[in-house]
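Chemist: Position in the sequence shown (first residue = 1) + 2 = our numbering.
Next up is a structure, given as structure tokens.
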Amino acid sequence: MKNQIFEYFIFKSLVHLRDKNRNNDLSVLKCMKLLFFFSTVNDDKNDSLIDQFDQVYAMPLGHVETDIYTAMKNNSFTFFSFTNRDTVLKHSSIYTNNFESQIIELVDPKFDLLLEKNPNIFSLSAYELVELSHKWFSWRYYFAQAKAESKSKMKIPIEVIKNEYKVYSF
Numbered sequence: 003m004k005n006q007i008f009e010y011f012i013f014k015s016l017v018h019l020r021d022k023n024r025n026n027d028l029s030v031l032k033c034m035k036l037l038f039f040f041s042t043v044n045d046d047k048n049d050s051l052i053d054q055f056d057q058v059y060a061m062p063l064g065h066v067e068t069d070i071y072t073a074m075k076n077n078s079f080t081f082f083s084f085t086n087r088d089t090v091l092k093h094s095s096i097y098t099n100n101f102e103s104q105i106i107e108l109v110d111p112k113f114d115l116l117l118e119k120n121p122n123i124f125s126l127s128a129y130e131l132v133e134l135s136h137k138w139f140s141w142r143y144y145f146a147q148a149k150a151e152s153k154s155k156m157k158i159p160i161e162v163i164k165n166e167y168k169v170y171s172f
């Protein structure tokens, strides 16, 4: 289900960029950053999708959900492939009805909440999103721990992310 949620999130992101007359700049890095912010948005019941995206590591360029990153690198998605510049459609056209209603119901409200938190988040560059993720305690603390242990990454407990102050804009 994790991969399906991610693919529908990317679909929504591409539609949003198109509707705002923005270029498809959804590189691997930008997708990783946007996924992190998207997965941490809480609704009225304090629910987020971070439990679905639970393999989060503090790495030099911010938070990385390693299951999704690996799937991107292995070209394991149904509708999209990812490059260092953009996201490429594997089919000539993709529609909302290509996705299960359960996935749509999970993603749509969280997508809207992310845009409420920062209406311009999709306009930020990948590196601006990296800088934004570096403002989060979870990244600062766990990446410092990784460096102290001479490692390039460290797993972040999901409870830390759930309970920290969340930053969605500069």
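For every residue, glycine included, the Cβ atom is placed at its ideal position computed from N, Cα and C.
Do the CB positions of Y167 and K119 come within less than 7 angstroms of each other?
Modeler: No; because the gap between Cβ atoms is not below 7 angstroms, this pair is not in contact.
Chemist: Counting C-beta neighbours from all protein chains within 10 Å, is the total for K35 16 or more, i.e. buried, or is it exposed?
Modeler: Flag for K35 reads buried.
Chemist: If you drop the 5 nearest sequence neighbours on each side, which residues of the same chain put their C-beta closer than 7 angstroms to that of L31?
Modeler: Hits under 7 angstroms: L63 and A128.
Chemist: Let me know the secondary structure DSSP gives F40 once reduced to three states.
Modeler: Residue state, collapsed to three classes: helix.
Chemist: Is M34 helix, strand or coil by DSSP?
Modeler: Correct three-state label for M34: helix.
Chemist: Below 6 angstroms CB to CB, which residues in the same chain sit around V58 once its five sequence neighbours on both sides are set aside?
Modeler: Cβ neighbours of V58 beyond the five flanking positions: H65, E67 and I158.
Chemist: Closest to M3 by CA distance: which of I12, Q54 and V43 is it?
Modeler: Selected option, being the one with the closest Cα: Q54.
Chemist: Given this structure, state the Cα-to-Cα distance separating M206 from D69, to the nearest angstrom.
Modeler: No answer is possible for residue 206: the residues shown for the chain start at 3 and end at 172.
Chemist: Can you name, in chain order, every residue of its own chain whose Cβ lies under 6 angstroms from the Cβ of K137, other than the five neighbours on each side?
Modeler: V169.
Chemist: Measure the alpha-carbon distance for V162 versus Y144 and round it to whole angstroms.
Modeler: For V162 and Y144, the distance between alpha carbons rounds to 10 angstroms.
Chemist: Using the beta-carbon count (16 or more within 10 Å), is E151 buried or exposed?
Modeler: E151 comes out exposed.
Chemist: So, using beta-carbon positions, are K14 and L51 closer together than 7 angstroms?
Modeler: Contact: no.
Chemist: For H136, does the three-state DSSP call read helix, strand or coil?
Modeler: H136: coil per DSSP, three-state reduction.
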